[in-house]
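Trainee: Mapped onto the working numbering, the consecutive letters of the sequence shown carry residue numbers 425 to 531.
The beta-carbon is built from N, C-alpha and C at its ideal position, and this holds for glycine as well.
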Amino acid sequence: MLALKASAQMFGNNTLLSPEVQGILTLILMAISLTFLYYVMMQMQPKKSQDKFETVTVIKCLGDGGSAEERPFQKGDFVGKIVGECADKAQKVIYAIYERKVEVKKP
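(1) Could you say which of Gln446, Leu453, Cys510 lies nearest to Gly487 if we only look at CA atoms?
(2) Would you report the Cα separation of Lys516 and Phe502, rounded to the nearest angstrom?
(3) Got a sec? Which residues, its chain only, sit under 6 Å from Ala514 by beta carbon, not counting five neighbours each side?
(4) Tell me which residues share the same chain as Lys505 and place their Cβ nearer than 6 Å to its Cβ, disregarding the 5 neighbours each side in the sequence.
(5) Between the stretch 438-456 and the stretch 465-474, do at least 3 Cβ pairs fall closer than 8 Å?
(6) Suppose contacts are defined by Cβ-Cβ distances below 8 Å. Is Val482 in contact with Arg524 by that definition?
(7) I need the DSSP call for Glu527, collapsed to helix, strand or coil.
(8) Taking Arg495 as the reference, give the member of Tyr463, Ser457, Ile521 with the closest Cα.
(9) Between the C-alpha atoms of Met468 and Thr459, what's the straight-line distance to the nearest angstrom?
(10) Nearest-angstrom Cα distance between Ala455 and Tyr462?
(11) In the DSSP assignment, find the alpha helix (DSSP H) that holds Ala455 and state where it starts and stops.
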């Protein structure tokens, strides 16, 4: 007990650790805190999607046949846009625009 009091008086401030050890422990605690903060921030970021998508435009004839075709999306496409005539002189209209997942072949 006397040895503890003597060492506490030797280092001052009634502490059992020297200022050098306290400094090192403070640095270690700060490093752990910053590492934890970095980890939490990385977990909060949205995950990057690995899926690839393509935008497709569906064109439909308004006539009796009602045939439909798909083509890649072009700038300026919108649902209801008249894009031409069918064989039976009916209008071709953009019926739908959607995205579909592209199948990626893995080697």
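Mentor: According to the structure shown:
(1) As a first step, residue 487 must be located in the sequence shown, where it is residue number 63. The option with the nearest alpha carbon to Gly487 is Cys510.
(2) Reading the sequence shown from its first residue, position 92 is the one you call residue 516. Reading the sequence shown from its first residue, position 78 is the one you call residue 502. If you take the alpha carbons of Lys516 and Phe502, they lie about 13 Å apart.
(3) Taking the sequence shown and counting its residues from 1, one reaches residue 514 at position 90. Answer for Ala514: Cys485, Leu486, Gly487, listed in chain order.
(4) Position 81 of the sequence shown holds residue 505. Hits under 6 Å: Ile518.
(5) no
(6) Taking the first residue of the sequence shown as position 1, residue 482 is located at position 58. Taking the first residue of the sequence shown as position 1, residue 524 is located at position 100. No, they are not a contact pair.
(7) For the purposes of this step, residue 527 is taken as residue 103 along the sequence shown, with counting starting at 1. DSSP places Glu527 in coil when its eight states are reduced to three.
(8) The residue you call residue 495 lines up with position 71 of the sequence shown. Taking only the C-alpha atoms, the option nearest Arg495 is Ile521.
(9) The residue given as residue 468 occupies position 44 in the sequence shown. The residue given as residue 459 occupies position 35 in the sequence shown. Approximately 15 Å between the Cα atoms of the pair.
(10) Residue mapping note: residue 455 aligns to position 31 of the sequence shown, counting from 1. Residue mapping note: residue 462 aligns to position 38 of the sequence shown, counting from 1. Roughly 11 Å between the two C-alpha positions.
(11) If you number the sequence shown from 1, residue 455 lands on position 31. Start and end: 443-468.
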